[in-house]
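One structure below.
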Ligand SMILES: Nc1ncnc2c1ncn2[C@@H]1O[C@H](COP(=O)(O)OP(=O)(O)OP(=O)(O)O)[C@@H](O)[C@H]1O
Ligand SMILES: [Mg+2]
C-alpha cells in the first residue's frame with residue numbers, strides 16, 4: 037500500500053460483483069486511475085513449498101488455505117489457462133455462492149488486496165449489494181453481513197447500496213438523480229427507479245451474462261468459458277445468422293432482454309402509489325452484459341416506450357459500463 041493510501045481518509049466505492057470486484061476512489065498521485073478491478077474467481081493448487089515460492093517469485097496473488105494454494109483474482113484466469121482447469125466462483129447470482137466453501141476466504145483476500153487496510157480508522161466505503169429477485173431474498177442479508185464484516189475487519193466504516201441505485205448515483209447527476217438505473221451484470225440484472233436519489237422501486241432479474249454463457253454452452257456442446265470469450269470479443273445482438281454459436285448467444289441474449297423489459301414494465305404497472313413525475317425520466321443501461329453492439333437498440337424495442345407506464349426521456353448506455361456501479365457507490369459515499 038502506498039503512503040498516499042495510508043494518509044487518505046477519502047471515501048471509497050466498492051462494487052462486489054458476481055464476476056468482478058471493482059474499487060472506485062478519488063484519483064490522486066498514488067492512484068492516477070480511479071478504478072481498479074479483480075476477477076471474482078480463483079483456482080486451487082495442491083500446497084507445496086516449491087509451488088508457493090514459485091508463485092511468490094512470480095508475484096502471483098495467492099493464499100495458503102487448508103492445505104491448498106488459492107490463486108485468486110485476475111491471476112486465476114491466467115493460471116486456469118496454464119493448468120487447463122475451470123476457474124471457480126465465490127459468488128453466484130449476486131450473492132455468496134452457497135456451493136463454494138472457499139467463497140468468503142477468496143472474497144476477503146480480493147477485497148483486502150484492492151482496498152488495503154483503512155489507513156484512517158473508520159474510512160467510509162459504500163459497497164454494492166443486489167436487490168431481491170422476488171419480494172424478499174433472505175440470502176442477501178447473509179451476503180451483506182459477510183461483506184460488511186470483512187470491511188469492518190479491515191478498519192472501514194461500510195454501508196451497503198443497492199446496485200441499481202448506485203447506477204443512478206453514478207450516471208444521473210444531470211437529472212437530479214431521478215431515473216431508472218439498470219446494471220446488466222454476470223449473475224443478475226439489477227434495476228432501480230429513484231426519484232431525487234430516493235429509491236422507489238428496486239428489483240433484480242436472475243438472468244444475465246452467466247445465464248447466456250451456460251445456456252448457449254448447453255445447446256452447442258461447448259464450454260461456458262468459451263461462450264464467454266466469444267461473447268466478449270466478437271458478439272453483437274443483431275439477429276440470427278449462419279453461425280450456430282452466434283445464434284445460441286443471440287437466442288439467450290434476447291431472452292435476457294425480453295425478461296428484463298417485461299419485468300420492468302410489470303413491476304412498475306403493479307406498484308401502487310407510484311410517485312407523480314412531472315417530467316419524463318432517463319434510463320441508463322450499464323454492466324458488462326449491456327456492452328455488445330445492438331443491446332441498446334434491442335432493449336429499447338422490447339420496452340415499447342410508447343405505451344410504457346412512465347414517460348421515458350431517453351435510453352442510453354453508460355459511457356463506462358464496467359465501472360458504473362463502483363463509481364456510483366463512490367458518489368453516494370461522497371454525498
Ligand atoms: N465486452 C463485453 N461484451 C459482452 N459481454 C461482456 C463484455 N465484458 C464483460 N461482459 C460480460 O459481462 C458480465 C460481467 O459484467 P459485470 O462486471 O457488470 O458483472 P458483475 O457486476 O460482476 O455481476 P453482477 O452485477 O451480476 O453481480 C459477464 O457475463 C461478462 O461475460
Ligand atoms: Mg454488477
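Residue numbers (the numbering used here): 37 to 371. Yeah, the Cβ is synthetic: ideal placement off N, Cα and C, and Gly gets one too. A quick note: this is a predicted structure, and the numbers were derived from the prediction, not measured.
Inset, instruction - Please list, in chain order, all residues of the same chain as residue 243 whose beta carbon is under 6 Å from its beta carbon, the five residues on each side excluded. - result: One-based indexing of the chain shown puts residue 243 at position 207. The answer, listed in chain order, is 292 and 295.
Inset, instruction - For residue 247, collect the residues of the same chain with a Cβ closer than 7 Å to its Cβ; drop the 5 residues on either side in sequence, then sort them by chain order. - result: For this step, residue 247 is matched to residue 211 along the chain shown. Counting only Cβ-Cβ distances below 7 Å, and skipping sequence neighbours, we find 288 and 292.
Inset, instruction - Have a look at residue 213 and residue 278 and give me their C-alpha separation to the nearest angstrom. - result: As a working mapping, residue 213 is identified with position 177 in the chain shown. As a working mapping, residue 278 is identified with position 242 in the chain shown. If I take the Cα positions, the gap works out to 43 Å.
Inset, instruction - Can you give me the start and stop residues for the beta strand (DSSP E) that residue 218 sits inside? - result: Mapped onto the chain shown, residue 218 falls at position 182. Per DSSP, residue 218 belongs to the beta strand (DSSP E) from 215–220.
Legend entry - For residue 60, three-class secondary structure by DSSP: Walking along the chain shown from the start, residue 60 turns up at place 24. If DSSP states are grouped into helix, strand and coil, residue 60 belongs with the strands.
Inset, instruction - Would you give the residue range spanned by the beta strand (DSSP E) that residue 19 belongs to? - result: Because the chain here runs from 37 to 371, residue 19 falls outside it and cannot be looked at.
Inset, instruction - Pick helix, strand or coil for residue 234, following the three-state DSSP scheme. - result: Taking the first residue of the chain shown as 1, we reach residue 234 at position 198. Residue state, collapsed to three classes: strand.
Legend entry - Ranges of the beta strand (DSSP E) found wholly within the region 112–143, counting only runs of at least 3: none
Inset, instruction - Take residue 139 as the anchor and find which of 228, 123, 62 and 47 has the nearest alpha-carbon. - result: Locating residue 139 in the chain shown gives position 103, where the first residue counts as 1. Of the candidates 228, 123, 62 and 47, the one whose C-alpha sits nearest the C-alpha of residue 139 is 123.
Legend entry - Cβ distance (whole Å) where residue 51 is taken to contact residue 362 below 8 Å: Within the chain shown, residue 51 is the residue found at index 15, counting from 1. Within the chain shown, residue 362 is the residue found at index 326, counting from 1. Sure, about 4 Å apart at Cβ, within 8 Å.
Legend entry - residue 174 vs residue 201 beta-carbon contact at 8 Å: Against the chain shown, residue 174 aligns to sequence position 138. Against the chain shown, residue 201 aligns to sequence position 165. No. Outside cutoff.
Inset, instruction - Evaluate residue 55 with the Cβ neighbour count: other Cβ atoms within 10 Å of its Cβ, from every protein chain shown; 16 or more gives buried, anything less gives exposed. - result: As a working mapping, residue 55 is identified with position 19 in the chain shown. With 16 or more Cβ atoms within 10 Å of its Cβ, residue 55 is classed as buried.
Inset, instruction - With a threshold of 7 Å, establish whether the CB of residue 350 neighbours any heavy atom of ligand 1. - result: The residue given as residue 350 occupies position 314 in the chain shown. No - ligand 1 has no heavy atom lying nearer than 7 Å to the Cβ of residue 350.
Legend entry - residue 255 - partner residues in DSSP beta bridges: Walking along the chain shown from the start, residue 255 turns up at place 219. Paired residue(s): none; residue 255 is not in a bridge.
Legend entry - Host alpha helix (DSSP H) of residue 159 (start-end): The count along the chain shown starts at 1 and reaches residue 159 at position 123. Counting along the chain, residue 159 falls outside any alpha helix (DSSP H), though it belongs to the beta strand (DSSP E) covering 159–165.
Inset, instruction - Count the other C-beta atoms from every protein chain shown that fall within 10 angstroms of the C-beta of residue 378, then say buried if there are 16 or more, exposed otherwise. - result: The structure shown does not extend to residue 378, since the chain spans only 37 to 371, so no value can be given for it.
Inset, instruction - State buried or exposed for residue 169, treating a residue as buried only when at least 16 other CB atoms are found within 10 Å of its CB. - result: If you number the chain shown from 1, residue 169 lands on position 133. Buried, because 16 or more other Cβ atoms sit within 10 Å of the Cβ of residue 169.
Legend entry - Reduced DSSP category for residue 94 - H, G, I as helix; E, B as strand; rest coil: Locating residue 94 in the chain shown gives position 58, where the first residue counts as 1. Residue 94 falls in the coil class under three-state DSSP.
Legend entry - Close Cβ partners of residue 285 (< 6 Å) along its chain, the five nearest in sequence each way excluded: Stepping through the chain shown from its first residue, residue 285 is reached at position 249. Closer than 6 Å at Cβ, skipping near neighbours: 252, 267 and 271.
Legend entry - residue 134 versus residue 119 - alpha carbon distance: Taking the first residue of the chain shown as 1, we reach residue 134 at position 98. Taking the first residue of the chain shown as 1, we reach residue 119 at position 83. One C-alpha to the other measures close to 25 Å.
Legend entry - Candidates 369, 219 and 371, of which the one nearest residue 325 by Cα: To locate residue 325, count along the chain shown from 1; it is residue 289. Of the listed residues, the one whose Cα sits closest to residue 325 is 219.
Inset, instruction - Measure the alpha-carbon distance for residue 109 versus residue 115 and round it to whole angstroms. - result: Counting from one through the chain shown, the residue named residue 109 turns up at place 73. Counting from one through the chain shown, the residue named residue 115 turns up at place 79. Spanning the two alpha carbons is a distance of roughly 10 Å.
Legend entry - Candidates 67, 232 and 189: closest to residue 147 by CA position: What you label residue 147 is simply residue 111 of the chain shown in a count that begins at 1. Residue 189 is the option with its Cα nearest to residue 147.
Legend entry - Neighbourhood of residue 274 by C-beta, 6 Å cutoff - its chain only, sequence neighbours within 5 removed: Numbered from 1 along the chain shown, position 238 holds the residue referred to as residue 274. Cβ within range, chain order: 330.
Legend entry - Where the alpha helix (DSSP H) through residue 180 begins and ends: Numbered from 1 along the chain shown, position 144 holds the residue referred to as residue 180. From DSSP, the alpha helix (DSSP H) with residue 180 extends over 174–189.
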